[in-house]
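Residue numbers (mature numbering (1 follows the signal peptide of the UniProt record, and there is no 0)): -28 to -1, 1 to 316. Ideal Cβ placement from N, Cα and C applies to all residues, glycine included. Please read these numbers as outputs of a predicted model, since none were measured by experiment.
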Amino acid sequence: MSTIARRIIPAVAAAGALALALTGCVQGEGSSNASGGTESSSGEWSTDSLSIDWATYNPLSLVVKDQRLIEDALGDSVEVEWLQSAGSNKANELLRSGSIDVGSTAGSAALFARANGSPIKVIDVFSQPEWSAIVVPGDSSVTKVADLAGQSVAATKGTDPYFFLLQALEEAGLSSADVEIQNVQHADGRALLEGGSVAAWSGLDPIMAAAEVESGAKLIYRNVDFNTYGFLNATEEFIGDHPDVAQVVVDAYEEARAWALAHPEETAQLLADAASIDLAVAQTVIAERSNLDVSGVPGDDQVRVLEQISPIIAESGDVSGGQAKLDEAIASIVHADFAQQATK
């Protein structure tokens, strides 16, 4: 059993109690709403629209969307728009452009974006996954990371698999200069691998798990410590101007976490449907590589992970301003108020 699998022990009773606590309020003017947020004294929300992402690498987003937790809490006065993020880099693009108010990324990707000037902060932690690994075709002669010297590797820059690759190369005594990195989206990375255009792919679940089952791909290097947390991020403008709606979003995520922990099979089915993958693949992702049973409150644990990854990001040369900018971003990226309120 994997480290992640051993860690995932759903606390069904506690999850049920939390779900009851989160759904026990009645919405009314100037009172707590169904998700624990509070409307203004006039009985209106601070905005009439909310744009938020969903992603197959964020199982809680699938629960929130499917159960209409946000829509039910906000009512008809707020239009909720859902946009899919194909990867952390795409979520960051949507956040930076203002296309979404709230988006889900890996912790490393959120740090990367903030260090490069994107005004985002983490407002909730949705998972502590093992969602990245180095993948090769089933008949490949490559058995270890060191074998990739001089070879082409697919990875999506600005995402956890990319930073996973950099860390794996460093541990093997290599650098990004020792391989040819093909910067493509995650699904395209799988396609390049299976088409023989690259020797390896730094993969992301659930696409990676599907490649194992459907194509016989092999994971030649796994390291849970090289994966960063799943961050739910919001723009500073949204946090400052619409804290009532931001609270509803985080409350919904915490309600979804309780439900997902109590209903792993149903959660896997949601993932299978959303990602168009076999249920068995989705069950592997949920049971063995998605640790949803973590505190949603961002804080010291996440900061320590970001401090560990930041030198790797700085050495990549992809952050203008280098380590100094990364340090500034780490010091200012956490906004824990909403999650603290949601988990009381």
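Terminal residues of the continuous alpha helix (DSSP H) containing residue 225? Locating residue 225 in the sequence shown gives position 253, counting from the first residue. In this chain, the alpha helix (DSSP H) harbouring residue 225 covers 215 to 234.
Counterpart residues of residue 77 in DSSP-defined beta bridges: For this step, residue 77 is matched to residue 105 along the sequence shown. Checking the DSSP bridge columns, you'll see residue 77 partnered with 203.
Cβ separation of residue 109 and residue 189, assumed to be a contact under 8 Å, to the nearest whole Å: If you number the sequence shown from 1, residue 109 lands on position 137. If you number the sequence shown from 1, residue 189 lands on position 217. The Cβ separation is near 6 Å, so the contact holds.
So within the region 120 to 156, which uninterrupted beta strand (DSSP E) runs reach at least 3 residues, ignoring any that extend past its ends? 124 to 127, 152 to 155
Nearest-angstrom Cα distance between residue 67 and residue 214? Stepping through the sequence shown from its first residue, residue 67 is reached at position 95. Stepping through the sequence shown from its first residue, residue 214 is reached at position 242. For residue 67 and residue 214, the distance between alpha carbons rounds to 15 Å.
Can you tell me where the beta strand (DSSP E) with residue 51 in it begins and where it stops? Within the sequence shown, residue 51 is the residue found at index 79, counting from 1. Start and end: 51 to 56.
What is the DSSP secondary structure of residue 117, reduced to helix, strand or coil? Working through the sequence shown from its first residue, we reach residue 117 at position 145. Correct three-state label for residue 117: helix.
Which residue wins for smallest C-alpha separation from residue 196, given the options 168, 232, 280, 102? Numbered from 1 along the sequence shown, position 224 holds the residue referred to as residue 196. It is 102 whose Cα lies nearest to the Cα of residue 196.
Got a sec, what are the start and stop residues for the beta strand (DSSP E) residue 96 sits in? Position 124 of the sequence shown holds residue 96. Residues 92 to 99.
Given this structure, state the Cα-to-Cα distance separating residue 145 from residue 42, to the nearest angstrom. For the purposes of this step, residue 145 is taken as residue 173 along the sequence shown, with counting starting at 1. For the purposes of this step, residue 42 is taken as residue 70 along the sequence shown, with counting starting at 1. Those two C-alpha atoms are separated by around 47 Å.
What is the C-beta distance between residue 224 and residue 36, in whole angstroms, given that I count them as a contact (C-beta under 8 Å)? The residue given as residue 224 occupies position 252 in the sequence shown. The residue given as residue 36 occupies position 64 in the sequence shown. Contact flag correct, Cβ pair sits at about 5 Å.
Inter-residue spacing [alpha-carbon to alpha-carbon] between residue 311 and residue 266: The residue given as residue 311 occupies position 339 in the sequence shown. The residue given as residue 266 occupies position 294 in the sequence shown. So the alpha carbons of these two residues sit roughly 12 Å apart.
With DSSP as the reference, please indicate the residues paired to residue 106 in a beta bridge. Within the sequence shown, numbered from 1, the residue matching residue 106 stands at position 134. Looking at the DSSP assignment, residue 106 forms a beta bridge with 174, 193.
Rounding to the nearest angstrom, what Cα-Cα distance links residue 75 and residue 293 in this structure? Taking the sequence shown and counting its residues from 1, one reaches residue 75 at position 103. Taking the sequence shown and counting its residues from 1, one reaches residue 293 at position 321. For residue 75 and residue 293, the distance between alpha carbons rounds to 25 Å.
Could you tell me whether the Cβ atoms of residue 22 and residue 53 are closer together than 9 Å? The residue labelled residue 22 in the question sits at position 50 within the sequence shown. The residue labelled residue 53 in the question sits at position 81 within the sequence shown. Yes. Within cutoff.
Identify which residue in 256, 245, 142, 164 has its Cα closest to the Cα of residue 283. Taking the first residue of the sequence shown as position 1, residue 283 is located at position 311. That would be 142, whose Cα lies nearest to the Cα of residue 283.
Three CB pairs or more closer than 8 Å across the region 154 to 161 and the region 121 to 136: The region 154 to 161 makes contact with the region 121 to 136, as at least three CB pairs between them are under 8 Å.
Could you check what DSSP says for residue 306 in three-state terms: helix, strand or coil? As a first step, residue 306 must be located in the sequence shown, where it is residue number 334. Residue state, collapsed to three classes: strand.
Would you identify the three-state DSSP class for residue 251, choosing helix, strand or coil? To locate residue 251, count along the sequence shown from 1; it is residue 279. Residue state, collapsed to three classes: helix.
What residue range is occupied by the uninterrupted alpha helix (DSSP H) comprising residue 164? By one-based count along the sequence shown, residue 164 stands at place 192. Taken as a continuous stretch (DSSP letters only), the alpha helix (DSSP H) holding residue 164 covers 158 to 166.
Where does residue 7 land, buried or exposed, given buried means 16+ other C-beta within 10 angstroms? By one-based count along the sequence shown, residue 7 stands at place 35. Bear in mind that a pLDDT of 39 at residue 7, under 50, signals an unreliable position, so the number given afterwards is only what the model happens to contain. Per the 10 Å Cβ criterion, buried.
Is the region 79 to 94 in contact with the region 171 to 191, if contact means three or more CB pairs nearer than 8 Å? Too few Cβ pairs lie closer than 8 Å, so no.
Alpha carbon to alpha carbon, how far is residue 69 from residue 301? Give it in angstroms, no decimals. The residue given as residue 301 occupies position 329 in the sequence shown. The residue given as residue 69 occupies position 97 in the sequence shown. C-alpha separation (whole angstroms): 19 Å.
Residue 306 vs residue 298 beta-carbon contact at 9 Å: Within the sequence shown, the letter at position 334 stands for residue 306. Within the sequence shown, the letter at position 326 stands for residue 298. No, Cβ-Cβ distance for residue 306 and residue 298 is not below 9 Å.
Decide if residue 93 is buried, meaning its Cβ has at least 16 other Cβ atoms within 10 Å, or exposed. Sequence index remark: in the sequence shown, residue 93 carries index 121 (1-based). The residue is buried, with at least 16 neighbouring Cβ atoms inside 10 Å.
Thinking just about the alpha-carbon of each residue, which of 123, 162, 136 is nearest to the one in residue 171? Working through the sequence shown from its first residue, we reach residue 171 at position 199. It is 123.
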